[in-house]
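Chains as they are written, first to last, in the numbering used here: chain A, 24 to 438; chain B, 215 to 449.
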Amino acid sequence: MIRDAVRMAWRSLRANRIRSLLTMLGIIVGIAAVIAVVSIGEGGKDAILGQFREIGANQFLLEVTDRRSGDTLVTPEDLELLRSGLDGLEAVSALQQRLGLTRKARPDGRESTEGYAIVAAIDPWYTDILALETIAGRQFTDSDHHQGTPVILVSESTAEALYGTTDAVGRDLDLTLSNYRLQARVVGVVRTLSGSLQSEYGQMADAGMMERVPGELFIPLATLERLEGRPDGYVMLMAASTGPENTGEVAERLTAFLRRRHPEATGNSYRVVVIADILEQVDTVIGYITAFIAVVAGISLVVGGIGVMNIMLVSVTERTREIGIRRAVGARTRDILAQILAEAMVLTFIGGVLGVVLGLVFTYIVTRIVGFSMVFDPRVIVLAVLFSSAVGLFFGLYPARRAARLDPIEALRHE
Amino acid sequence: MTSSPGPLISLRRAGKIYQSGRVRFEALREIDLEVAAGDYLAILGPSGSGKSTLMNIIGCLDRLTSGSYLFEGDDVSGLTDDGLALLRNRRIGFVFQSFNLLPRLDILENVELPLIYQGVSRRERRERAMAQLETVGLADWRRHLPTEISGGQKQRVAIARALVTRPGLLLADEPTGNLDSRSAADIMEVLETIHAAGRTVLLITHDPGVAARARRQVHIIDGRLTETPVGRPLT
Numbered sequence: 024m025i026r027d028a029v030r031m032a033w034r035s036l037r038a039n040r041i042r043s044l045l046t047m048l049g050i051i052v053g054i055a056a057v058i059a060v061v062s063i064g065e066g067g068k069d070a071i072l073g074q075f076r077e078i079g080a081n082q083f084l085l086e087v088t089d090r091r092s093g094d095t096l097v098t099p100e101d102l103e104l105l106r107s108g109l110d111g112l113e114a115v116s117a118l119q120q121r122l123g124l125t126r127k128a129r130p131d132g133r134e135s136t137e138g139y140a141i142v143a144a145i146d147p148w149y150t151d152i153l154a155l156e157t158i159a160g161r162q163f164t165d166s167d168h169h170q171g172t173p174v175i176l177v178s179e180s181t182a183e184a185l186y187g188t189t190d191a192v193g194r195d196l197d198l199t200l201s202n203y204r205l206q207a208r209v210v211g212v213v214r215t216l217s218g219s220l221q222s223e224y225g226q227m228a229d230a231g232m233m234e235r236v237p238g239e240l241f242i243p244l245a246t247l248e249r250l251e252g253r254p255d256g257y258v259m260l261m262a263a264s265t266g267p268e269n270t271g272e273v274a275e276r277l278t279a280f281l282r283r284r285h286p287e288a289t290g291n292s293y294r295v296v297v298i299a300d301i302l303e304q305v306d307t308v309i310g311y312i313t314a315f316i317a318v319v320a321g322i323s324l325v326v327g328g329i330g331v332m333n334i335m336l337v338s339v340t341e342r343t344r345e346i347g348i349r350r351a352v353g354a355r356t357r358d359i360l361a362q363i364l365a366e367a368m369v370l371t372f373i374g375g376v377l378g379v380v381l382g383l384v385f386t387y388i389v390t391r392i393v394g395f396s397m398v399f400d401p402r403v404i405v406l407a408v409l410f411s412s413a414v415g416l417f418f419g420l421y422p423a424r425r426a427a428r429l430d431p432i433e434a435l436r437h438e
Numbered sequence: 215m216t217s218s219p220g221p222l223i224s225l226r227r228a229g230k231i232y233q234s235g236r237v238r239f240e241a242l243r244e245i246d247l248e249v250a251a252g253d254y255l256a257i258l259g260p261s262g263s264g265k266s267t268l269m270n271i272i273g274c275l276d277r278l279t280s281g282s283y284l285f286e287g288d289d290v291s292g293l294t295d296d297g298l299a300l301l302r303n304r305r306i307g308f309v310f311q312s313f314n315l316l317p318r319l320d321i322l323e324n325v326e327l328p329l330i331y332q333g334v335s336r337r338e339r340r341e342r343a344m345a346q347l348e349t350v351g352l353a354d355w356r357r358h359l360p361t362e363i364s365g366g367q368k369q370r371v372a373i374a375r376a377l378v379t380r381p382g383l384l385l386a387d388e389p390t391g392n393l394d395s396r397s398a399a400d401i402m403e404v405l406e407t408i409h410a411a412g413r414t415v416l417l418i419t420h421d422p423g424v425a426a427r428a429r430r431q432v433h434i435i436d437g438r439l440t441e442t443p444v445g446r447p448l449t
């Protein structure tokens, strides 16, 4: 019986192909939008969070935000005390960032190009927190860290930009940091996982005038201190707890320790950023955006559903006589109800399937352009098709009941 | 066919009143009518006489407002809409003046239609509808649409559709009203064959010539019934 109803529905929809297609359009667009938004959203989340996830969930940053009290709210002594034993603290590293002007001789020896780059001066503990994978050459040695040798590590993209090759070991780089000039030698090319972190702790405005050198440059902290002198304090710490479960706790303990050491610190002198929290926030924000667009798409589905209802009402009126004939030969009210409902549901089901296909095609194109990986969740597809069918059920109910309630005699008389 | 002891159709003091707002119209008054199984009865009356109402009542498309109607001995007035639909589906075949074939279905599917509502399997439907189409000589036209055949052929298809469920009663409402005289004669012959095969046929018409072909006739005028003995000349 159900199969017959569906077959009948299919035939009557085919008989009015253009009308059926136009009616489906609202559903198709709505479902396609939902599929595209959810899939692209998932892909985007993966793209943004993927590298953070690799870094790990047990890391946090501490920034000194109160610059009036000078840079003395985290002193080198504080760090030594922290390293000698804060419960749950795996490693802590002081980090200095500078905007560096790069000047390098071109192969022809005459011209030199200039650009600016973010240079991170790192201490030996940095690599306990963020791994620097060696692609070529070596990492900083203990003697680099102790003596402040003029050596430099560059990321692949930096090497590519500066030297046109990732094989940059042994090249020289003329670097201007603040007022100091550093003639450094590239000793290693590294791959970092912290690329996206730059924006988090860097926050350096684009100078606009010069070309920005992509990627990252590292020098030993000692090298920077040889130029600038040993600072009274630091404004940026990177730290890792012994496990992801106690990160928040350790971050609080560390802050409390610093407050005890520096009673002059005010309520918001220290800012702690837990990487896991960033992940969560990004996740939440993307979730909100996805939900918002999904709601908009849902509205378009409702509008599509109203279109379906409208067309089904027209169709019922047009086929009053047919309904009368069917009633005369023995169709019960529920048979007529089933027929019209089946028609509405087949309409929205096909609309849903077409919408899924369109949405996936759109997602594929967008992810190819943006460079996200295409995340494909079959549950979303099943849900979308089920939902569009439910739209048909809901909006088909009123026309179907109207059809079922037609008086057979009146219906037979209808021209 | 069930072998019920009583008459197939039994109407007692049957009345039908249409009330719409303050307008009251008495379509049927005190109708007494019995039709035995295997009979061939014509109900003759001019338009507005109440014959369509009577046919709707007998065909279980409508209910009486007074009196009783027994079909195969069972009181129909107590049935729900779906009960009436079931009765129409199993026990009554309709033939209409305007054929009432579904224009989008082909001939065979039109004949299958009542069987869909019996839940008969697709294959059995096909077979039974084909067999029925053969009896009206239209098996070769099974894939044609109703718009592609003549009026006489349409009415044959309608008859096949009415008989495919093997009903106890064939109810024909002006079956020749839309046909030329040759097709009309043809359809009348088909009805006679059906009657000869043992089926009860009830014919509703305004045409005395058509009514004369039945074994028995009743007249309806202003909602009242009078029986006319066969053979008596009609005015």
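Glycine residues also receive a C-beta, built at the ideal position from the N, C-alpha and C atoms.
Please determine, among the options, the residue with the shortest C-alpha to C-alpha distance to residue i.
{"i": "isoleucine 309/A", "options": "Leu122/A, Ser178/A, Ile346/A and Ile63/A", "result": "Ile63/A"}
{"i": "glutamine 82/A", "options": "Glu275/A, Val339/A and Pro431/A", "result": "Glu275/A"}
{"i": "tyrosine 331/B", "options": "Thr307/A, Asp27/A and Thr371/A", "result": "Asp27/A"}
{"i": "isoleucine 25/A", "options": "Glu433/A, Arg428/A, Gly252/A and Ala361/A", "result": "Ala361/A"}
{"i": "isoleucine 145/A", "options": "His168/A, Ile346/A and Ala367/A", "result": "His168/A"}
{"i": "glycine 391/B", "options": "Gly382/B, Arg380/B, Gly366/B and Val378/B", "result": "Gly366/B"}
{"i": "leucine 260/A", "options": "Ile71/A, Val60/A, Arg436/A and Arg106/A", "result": "Arg106/A"}
{"i": "glycine 271/A", "options": "Thr340/A, Arg30/A and Leu84/A", "result": "Leu84/A"}
{"i": "arginine 438/B", "options": "Asp354/B, Leu359/B, Ile223/B and Leu247/B", "result": "Leu247/B"}
{"i": "isoleucine 312/A", "options": "Glu103/A, Leu48/A, Ser35/A and Val57/A", "result": "Val57/A"}
{"i": "glutamate 366/A", "options": "Gly53/A, Phe163/A and Met332/A", "result": "Met332/A"}
{"i": "leucine 102/A", "options": "Thr265/A, Phe280/A and Val174/A", "result": "Phe280/A"}
{"i": "leucine 104/A", "options": "Arg126/A, Arg283/A, Leu435/A and Glu268/A", "result": "Arg283/A"}
{"i": "aspartate 400/B", "options": "Pro422/B, Gly382/B, Gly412/B and Ser364/B", "result": "Ser364/B"}
Can you list, in chain order, the residues of its chain whose CB lies under 8 Å from that of residue i, leaving out five sequence neighbours each side?
{"i": "valine 309/B", "result": "Gln369, Ala372, Ile373, Ala376, Leu384, Leu385, Ala386, Asp387 and Pro389"}
{"i": "arginine 458/A", "result": "The displayed coordinates of chain A run from 24 to 438. Any statement about residue 458/A would go beyond what the structure contains."}
{"i": "arginine 37/A", "result": "Ser43"}
{"i": "isoleucine 231/B", "result": "Arg238, Phe239, Glu240, Ala241, Thr279 and Ser280"}
Beta-carbon within less than 7 Å of residue i's beta-carbon, same chain only, minus the 5 sequence neighbours each way: which residues are those?
{"i": "alanine 114/A", "result": "Trp148, Asp151, Ile152, Ala262 and Ala263"}
{"i": "histidine 409/B", "result": "Tyr254 and Val415"}
{"i": "methionine 227/A", "result": "For methionine 227/A, the pLDDT reaches just 43, beneath the cut-off of 50, and the residue's location in the model is therefore unreliable, although a value from the coordinates is still provided. Taken in chain order, the residues that qualify are Leu122 and Ile141."}
{"i": "threonine 157/A", "result": "Gly211 and Val213"}
{"i": "arginine 203/A", "result": "Before going further, note that residue 203/A is tyrosine rather than arginine in the sequence given. Taken in chain order, the residues that qualify are Leu250 and Glu251."}
{"i": "valine 398/A", "result": "Ser62, Glu65, Gly66 and Asp69"}
Would you kindly work out how many angstroms separate the C-alpha atoms of residue i and residue j, rounded to a whole number?
{"i": "valine 415/B", "j": "arginine 430/B", "result": "11 Å"}
{"i": "isoleucine 334/A", "j": "isoleucine 298/A", "result": "53 Å"}
{"i": "isoleucine 359/A", "j": "tyrosine 387/A", "result": "42 Å"}
{"i": "alanine 117/A", "j": "threonine 278/A", "result": "15 Å"}
{"i": "leucine 298/B", "j": "arginine 355/A", "result": "9 Å"}
{"i": "valine 337/A", "j": "histidine 420/B", "result": "36 Å"}
{"i": "glycine 292/B", "j": "alanine 228/B", "result": "14 Å"}
{"i": "valine 408/A", "j": "valine 393/A", "result": "27 Å"}
{"i": "alanine 317/A", "j": "proline 99/A", "result": "51 Å"}
{"i": "glutamate 433/A", "j": "glutamate 362/B", "result": "27 Å"}
{"i": "serine 178/A", "j": "arginine 235/A", "result": "14 Å"}
{"i": "methionine 368/A", "j": "arginine 34/A", "result": "13 Å"}
{"i": "isoleucine 418/B", "j": "histidine 358/B", "result": "29 Å"}
{"i": "aspartate 320/B", "j": "proline 360/B", "result": "7 Å"}
{"i": "proline 250/B", "j": "methionine 47/A", "result": "As written in the sequence, residue 250/B is alanine, which differs from the proline given in the question. Taking the straight line from one Cα to the other gives about 54 Å."}
Less than 6 Å between C-beta atoms, sequence neighbours within five positions excluded: which residues of the same chain meet that for residue i?
{"i": "glycine 328/A", "result": "Val414 and Phe418"}
{"i": "threonine 349/B", "result": "none"}
{"i": "arginine 350/A", "result": "Pro431"}
{"i": "phenylalanine 241/A", "result": "Ala143, Ile145 and Leu176"}
{"i": "arginine 161/A", "result": "Val210 and Gly211"}
{"i": "glycine 264/B", "result": "Ala241, Leu242, Ile434 and Gly437"}
{"i": "arginine 294/A", "result": "Glu86 and Thr88"}
I believe residue i touches residue j by the beta-carbon criterion, under 8 Å. Please report the beta-carbon distance rounded to the nearest angstrom.
{"i": "threonine 172/A", "j": "alanine 182/A", "result": "That belief does not hold up - the Cβ atoms of threonine 172/A and alanine 182/A are roughly 19 Å apart, past 8 Å."}
{"i": "alanine 398/B", "j": "alanine 256/B", "result": "14 Å between Cβ atoms; not a contact."}
{"i": "leucine 406/A", "j": "isoleucine 51/A", "result": "At roughly 16 Å, the Cβ-Cβ gap does not stay under 8 Å, so leucine 406/A and isoleucine 51/A are not in contact."}
{"i": "leucine 250/A", "j": "leucine 205/A", "result": "6 Å"}
{"i": "threonine 95/A", "j": "glycine 256/A", "result": "4 Å"}
{"i": "isoleucine 346/A", "j": "alanine 423/A", "result": "At roughly 11 Å, the Cβ-Cβ gap does not stay under 8 Å, so isoleucine 346/A and alanine 423/A are not in contact."}
{"i": "leucine 165/B", "j": "isoleucine 245/B", "result": "The structure shown does not extend to residue 165/B, since chain B is modelled only from 215 to 449, so the question has no answer here."}
{"i": "threonine 265/A", "j": "glycine 111/A", "result": "5 Å"}
Is there a Cβ of chain D sitting closer than 7 Å to that of residue i, yes or no?
{"i": "arginine 337/B", "result": "As a matter of chain content, chain D is missing from the structure shown, whose protein chains are A and B."}
What beta strand (DSSP E) runs, 3 residues minimum, are completely inside the segment 233-293 of chain A?
Counting only runs of 3+ residues, the beta strand (DSSP E) found wholly inside the segment 233-293 of chain A occupies 240-243 and 259-264, in chain order.
Every unbroken beta strand (DSSP E) inside the segment 113-183 of chain A [3 residues or more]
135-145, 155-160 and 174-178
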